[in-house]
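Numbering (the UniProt record's numbering), first residue to last: 1 to 492.
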């Protein structure tokens, strides 16, 4: 049964602000869980005496859940709407967290892996809902900026997770026990329950895909969007997201090991604190990105950040000591905007396919399931530092996607440096085509017999003026709002 709803542009300012900040609270939820995950990776190596490769089962379970569950979450969301989808995600999240308690009591590593899978299913559902909702909650021009702002709070929570772990997991007798783990995850489960209750009593306007499609048609952006399998921007966005997230997860999973192995006298507790500072750098990058994306084209900015991620990852693998640590912090900064930009660029103007496309892009988070084991295997054989060559491949794949989008945009509407509305590009193309047609018609018209060249030129000028007047009436408000004659090339 189709869900009745509105578009973001139809909400009042108060409704928009309430919906935006309510959904943004969810970003803190999975940021905290993700921040704890990477620290647990190192903690379980100590408690259970397992190798780095074996410890990546946590990442395999967490991100494997994204890969397996996200498409279904998108389908379910299409049927029941955003709000019920959020309830389902928070319920799964709380269930997975609460079962950390018996897993800690029985010291069952397999139990932790299973619980992490359930948490991953819940968080993937929340990501499909929240990322998609924020992206369509307003003008597509600022979708990347909005999502970067909301994702910034995920970065804040990612910083809080390792900070708590450094105080609780690695101090005194806690360094070799699981007592504090069960209490922390009990609190995580409680947070999920509180948020679930909050969303139950709050009114969250439903953003309708049908309304989005109609709005796009009115703007001339969706004459025939076609079937989902032809949405190549989204499909390649999934591939780019899978490679990027895989690289990001691999980088974060071995930060503690990397810092300890540098021979700088860094303990596990101090390394966990430094990891928190890496997340602070990441979060700062998110909020800096919000400001930059207000003016700079998202695809162009993503290209630059992807290039810097590739260079930084290679440098981390090649330089030891504090130089390598410095490049590690640089890498975290340039990772900041990548996920939100890939998501918004991949789901842009999908109309009726928005929720399905969101599910596919979030499915790309599953790349973290296989990058970490690959990096862990190399770390066991060649050392943690050399293993950072593995993430570089993911950043290079993201770079190819971003550059491809820049080229595609340049071919269709000219090179963009500034962030503009799609309607503005369409307007330029329509006006250019109209003026070019006039020029072609004038050039093809032969001189009338018995008339002087001067007389013919005068008649052509008058005819061109008449056509220009008709063109202005035809385009209406588009010509009124936008008159850039210097940008329109005449077709000769």
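Virtual Cβ for every residue (Gly too), placed ideally from N, Cα, C.
Whole-angstrom C-beta distance between residue j and residue i, which should lie under 8 Å
{"i": "residue 258", "j": "residue 385", "result": "7 Å"}
{"i": "residue 182", "j": "residue 100", "result": "6 Å"}
{"i": "residue 340", "j": "residue 147", "result": "4 Å"}
{"i": "residue 283", "j": "residue 156", "result": "6 Å"}
{"i": "residue 57", "j": "residue 113", "result": "5 Å"}
{"i": "residue 130", "j": "residue 348", "result": "At roughly 17 Å, the Cβ-Cβ gap does not stay under 8 Å, so residue 130 and residue 348 are not in contact."}
{"i": "residue 46", "j": "residue 176", "result": "6 Å"}
{"i": "residue 189", "j": "residue 94", "result": "5 Å"}
{"i": "residue 138", "j": "residue 16", "result": "7 Å"}
{"i": "residue 97", "j": "residue 119", "result": "6 Å"}
{"i": "residue 199", "j": "residue 87", "result": "6 Å"}
{"i": "residue 494", "j": "residue 141", "result": "What the structure shows of the chain is the stretch from 1 to 492, and residue 494 is not part of that stretch, so it cannot be assessed."}
Cβ shell of residue i (< 7 Å), same chain only, five flanking positions each side left out
{"i": "residue 355", "result": "74, 77, 78, 132, 209"}
{"i": "residue 48", "result": "109"}
{"i": "residue 204", "result": "19, 22, 82, 83"}
{"i": "residue 327", "result": "312, 315, 316, 319"}
{"i": "residue 154", "result": "27, 28, 30, 31"}
{"i": "residue 92", "result": "118, 121, 122, 125"}
{"i": "residue 299", "result": "345, 402, 405, 406, 409"}
CB of residue i within 7 Å of CB of residue j, strictly
{"i": "residue 244", "j": "residue 394", "result": "yes"}
{"i": "residue 313", "j": "residue 388", "result": "yes"}
{"i": "residue 493", "j": "residue 35", "result": "In the structure displayed, the chain extends from 1 to 492; residue 493 sits before or after that span and is not available."}
{"i": "residue 372", "j": "residue 249", "result": "yes"}
{"i": "residue 121", "j": "residue 69", "result": "yes"}
{"i": "residue 499", "j": "residue 288", "result": "In this structure the chain extends from 1 to 492, so residue 499 is not present and cannot be described."}
{"i": "residue 90", "j": "residue 192", "result": "yes"}
{"i": "residue 367", "j": "residue 274", "result": "no"}
{"i": "residue 306", "j": "residue 363", "result": "no"}
{"i": "residue 286", "j": "residue 152", "result": "yes"}
{"i": "residue 369", "j": "residue 67", "result": "yes"}
{"i": "residue 550", "j": "residue 116", "result": "Look at the range of the chain in this structure, 1 to 492, and you will see that residue 550 is not part of it."}
{"i": "residue 293", "j": "residue 145", "result": "yes"}
{"i": "residue 234", "j": "residue 64", "result": "no"}
{"i": "residue 342", "j": "residue 240", "result": "yes"}
{"i": "residue 253", "j": "residue 41", "result": "yes"}
{"i": "residue 396", "j": "residue 276", "result": "no"}
Buried/exposed call for residue i, threshold 16 Cβ in 10 Å
{"i": "residue 230", "result": "exposed"}
{"i": "residue 418", "result": "exposed"}
{"i": "residue 381", "result": "exposed"}
{"i": "residue 410", "result": "exposed"}
{"i": "residue 414", "result": "exposed"}
{"i": "residue 445", "result": "Low confidence applies here, because residue 445 scores a pLDDT of 46, under 50, leaving its location unreliable; read the following figure in that light. By the 10 Å Cβ count, residue 445 comes out exposed."}
{"i": "residue 197", "result": "exposed"}
{"i": "residue 238", "result": "buried"}
{"i": "residue 107", "result": "exposed"}
{"i": "residue 325", "result": "buried"}
{"i": "residue 344", "result": "buried"}
{"i": "residue 59", "result": "buried"}
{"i": "residue 297", "result": "buried"}
{"i": "residue 201", "result": "exposed"}
{"i": "residue 13", "result": "exposed"}
{"i": "residue 390", "result": "buried"}
{"i": "residue 265", "result": "exposed"}
{"i": "residue 291", "result": "exposed"}
{"i": "residue 251", "result": "buried"}
{"i": "residue 85", "result": "buried"}
{"i": "residue 194", "result": "exposed"}
6 Å Cβ shell around residue i - same chain, five flanking residues per side excluded
{"i": "residue 150", "result": "24, 27, 134"}
{"i": "residue 225", "result": "351"}
{"i": "residue 267", "result": "none"}
{"i": "residue 376", "result": "52, 53, 56"}
{"i": "residue 493", "result": "With the chain represented from 1 up to 492, any question about residue 493 goes unanswered, as that position is not in the structure."}
{"i": "residue 163", "result": "276"}
Nonlocal neighbours in the same chain, by C-beta distance under 8 Å from residue i, ignoring five residues either side
{"i": "residue 383", "result": "261"}
{"i": "residue 365", "result": "63, 66, 67, 70, 124, 127, 241, 242, 245"}
{"i": "residue 44", "result": "50, 55, 58, 109, 112"}
Beta carbon proximity, residue i to chain D, threshold 7 Å
{"i": "residue 379", "result": "The displayed structure is made up of one protein chain only, and chain D is not part of it."}
> Touch check for the region 122 to 139 and the region 19 to 39: three-plus C-beta pairs under 8 Å?
Replying inline: Verdict: yes, contact present.
> Any contact of the region 401 to 415 with the region 265 to 282, i.e. 3+ C-beta pairs under 8 Å?
Replying inline: By the Cβ test, the region 401 to 415 is not in contact with the region 265 to 282, since fewer than three Cβ pairs between them sit closer than 8 Å.
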